[in-house]
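Asker: Protein sequence lines, in the order shown, are assigned to chains D and P. Mapping of the first sequence onto the working numbering: position 50 corresponds to residue 50, and the numbering continues sequentially without gaps. For any residue, its number in the working numbering is found by taking its place in the second sequence, counting from 1, and adding 1000. This is the structure I have questions about; it appears just below.
There are 2 protein chains.
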Amino acid sequence: MMSASRPLSSTQARVLELLSSAAKPLSAYDLLGMLREEGVNAPPTVYRALERLMRDGLAHRIESLNAFVACNRPHHSELASFAICDHCGVVTEFTDHDLQMRLSAVSGRSGFHATRMTVEIHGHCAKCADHAHGHAH
Amino acid sequence: MMSASRPLSSTQARVLELLSSAAKPLSAYDLLGMLREEGVNAPPTVYRALERLMRDGLAHRIESLNAFVACNRPHHSELASFAICDHCGVVTEFTDHDLQMRLSAVSGRSGFHATRMTVEIHGHCAKCADHAHGHAH
DNA sequence: GTCTTATGTGTTATGATATAACATATAACA
DNA sequence: TGTTATATGTTATATCATAACACATAAGAC
């Protein structure tokens, strides 16, 4: 059922490490900046590593930020959804089965066949909501 | 309740027309290309018009495509969700109240306060699903 | 009327994100 | 050993988006 796949290359593993240890999503160019000391000099290398990680369900792209995060439930294939704090930048991944069902059902009504879903919620996390009443920072 | 706002400028109206009559989402540069004949020469003008239209709920940005569509329910403020056919490119906007409730509830559990939600479903529309069994085109 | 404010546009330049195309290298395996 | 799949290097370029500043105009305050 689960297709075998090669182990990660060192670049791929490095990118995953960087994403995992970051407090916030990183852009491909953030990653490139961090990898230059290690001999990676060009965007394609980074994008290819990200592609691999995403294919394996080890990382996600946040579409509304053009940035990437490590998956917090590696190898689970549920719909990943994201709560993005526009104040502190922290992104929280969550999964909700009912939500996924409802999304499939609603879109499928018209005969649409879903292959990929993006759910991104912007706002303020609990911590930031306290001191962010209306003003944007 | 509904804040008054100026009428659209001619550029803004033109951008909205172009989006409305397009079969698919248009990028800012697609729009710019169409507007060059009409004297619009630079990206900022287009982005500004789009910004205004989005602020007024007359257009939406599709994050996963970096492109824009006219809103099909202007001035309604519900969560807009999108089904995007990766075969023919057609984007269908839909609204589902329960979905919105569930999203708010799930993200709000942890004290998160949502201000904006992005829901984009990629796949194949009914028409394309017929002749797209596995192959991507 | 004219001052002020908010809004929109023009213009130039640049920043930020992403991929095309082709060459080279290496591991797995028939 | 040849073949295939995968990863990387390298150069160049495509695509998407905004900064900064100047100028124009409409609406309301006075």
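We put the beta carbon where it would ideally sit given N, CA and C, even for glycine. What you are looking at is a predicted structure, and each value in this text was computed from that prediction instead of being measured.
Candidates D/Gln12, D/His60, D/Glu78: which alpha carbon is nearest D/Val46's?
Answerer: Of the candidates D/Gln12, D/His60, D/Glu78, the one whose C-alpha sits nearest the C-alpha of D/Val46 is D/Gln12.
Asker: Check whether the Cβ of P/Thr1115 lies closer than 8 Å to any Cβ atom in chain D.
Answerer: At least one chain D Cβ lies under 8 Å of P/Thr1115.
Asker: Got a sec? Which residues, its chain only, sit under 8 Å from P/His1124 by beta carbon, not counting five neighbours each side?
Answerer: Result list for P/His1124: Cys1085, Asp1086, His1087, Ala1132, in chain order.
Asker: Using the Cα positions of P/Arg1061 and D/Gly39, report the straight-line distance between them to the nearest angstrom.
Answerer: Taking the straight line joining both Cα atoms gives about 37 Å.
Asker: Have a look at P/Asp1096, P/Phe1082, P/Val1015, P/Tyr1029 and flag the residue whose alpha-carbon is nearest the alpha-carbon of D/Arg116.
Answerer: The shortest Cα separation from D/Arg116 among P/Asp1096, P/Phe1082, P/Val1015, P/Tyr1029 belongs to P/Phe1082.
Asker: Report buried or exposed for P/Ala1105, applying the criterion of at least 16 other Cβ atoms within 10 angstroms of its Cβ.
Answerer: Exposed, by the Cβ-count rule.
Asker: To the nearest angstrom, how far is the alpha carbon of P/Val1090 from that of P/Met1054?
Answerer: Cα-Cα distance, rounded: 20 Å.
Asker: Unbroken alpha helix (DSSP H) runs of length 4 or more, entirely within the stretch 39 to 74 of chain D: which are they?
Answerer: Counting only runs of 4 or more, we get 43 to 55.
Asker: Taking all protein chains shown into account, do 16 or more other C-beta atoms lie within 10 angstroms of the C-beta of P/Arg1052, making it buried, or fewer, making it exposed?
Answerer: Buried, since its Cβ has 16 or more Cβ neighbours within 10 Å.
Asker: From the DSSP output, read off the bridge partner residues of P/Ser1081.
Answerer: Answer by DSSP bridge pairing, in chain order: P/Phe1094, P/Val1119.
Asker: Per DSSP, what kind of secondary structure is D/Leu103 in: helix, strand or coil?
Answerer: Helix at D/Leu103.
Asker: Measuring straight from C-alpha to C-alpha, what distance separates D/Leu35 and D/Asn66?
Answerer: Taking the straight line from one Cα to the other gives about 19 Å.
Asker: Spell out whether any CB of chain D is found under 8 Å from the CB atom of P/Leu1016.
Answerer: For P/Leu1016, the answer is no, since every Cβ of chain D falls outside 8 Å of its Cβ.
Asker: Starting from the beta carbon of D/Gly89, find every residue of chain P whose beta carbon is closer than 7 Å, and list them in chain order.
Answerer: What D/Gly89 touches in chain P: nothing, since even the nearest Cβ is about 14 Å away.
Asker: Mind checking P/Pro1074: buried by the 16 CB within 10 Å criterion, or exposed?
Answerer: Classification for P/Pro1074: exposed.
Asker: Between D/Leu79 and D/Thr92, is the Cβ-Cβ spacing less than 8 Å?
Answerer: No, they are not a contact pair.
Asker: At which residues does the alpha helix (DSSP H) containing P/Leu1016 begin and terminate?
Answerer: Here the alpha helix (DSSP H) through P/Leu1016 covers 1010 to 1021.
Asker: When we look at the beta-carbon of D/Ser172 and count the other beta-carbons within 10 Å, is it buried (16 or more) or exposed?
Answerer: No statement about residue 172 of chain D is possible, as the shown extent of chain D runs from 1 to 137 and does not include it.
Asker: Under the rule that 16 or more other beta-carbon atoms within 10 Å means buried, what is P/Ala1028, buried or exposed?
Answerer: Under this definition P/Ala1028 is a buried residue.
Asker: Using a beta-carbon distance below 8 Å, is P/Asp1057 in contact with chain D?
Answerer: The sequence given here has Gly at residue 1057 of chain P, not Asp. Cβ-Cβ to chain D under 8 Å: no for P/Gly1057.
Asker: Exposed or buried, D/Pro25, counting other C-beta atoms within 10 Å across all chains shown (16 or more means buried)?
Answerer: Its Cβ being crowded by 16 or more others within 10 Å, D/Pro25 is buried.
Asker: Counting only the same chain and skipping the five closest in sequence on each side, list residues whose C-beta sits under 7 Å from that of P/Cys1128.
Answerer: So the list reads Cys1085, His1087, Cys1088, once near-sequence residues are dropped.
Asker: Interface residues of chain D around P/Ser1107 at Cβ under 7 Å?
Answerer: Neighbours of P/Ser1107 on chain D, chain order: Ala83, Ile121.
Asker: Can you name the residues of chain D whose CB is closer than 8 Å to the CB of P/Arg1102?
Answerer: Neighbours of P/Arg1102 on chain D, chain order: Asp96, Asp98, Leu99, Arg102.
Asker: P/Ser1021: which of P/Cys1071, P/Arg1109, P/His1122 sits nearest, CA to CA?
Answerer: That would be P/Cys1071, whose Cα lies nearest to the Cα of P/Ser1021.
Asker: Shortest alpha-carbon distance to P/Ala1114 belongs to which of D/Gly111, D/Val119, D/Leu19?
Answerer: Per the Cα distances, D/Val119.
Asker: If you follow the alpha helix (DSSP H) that P/Lys1024 is part of, which residue opens it and which one closes it?
Answerer: Unbroken run through P/Lys1024: none, as it is neither H nor E.
Asker: Count the other C-beta atoms from every protein chain shown that fall within 10 angstroms of the C-beta of D/Ala59, then say buried if there are 16 or more, exposed otherwise.
Answerer: By the 10 Å Cβ count, D/Ala59 comes out buried.
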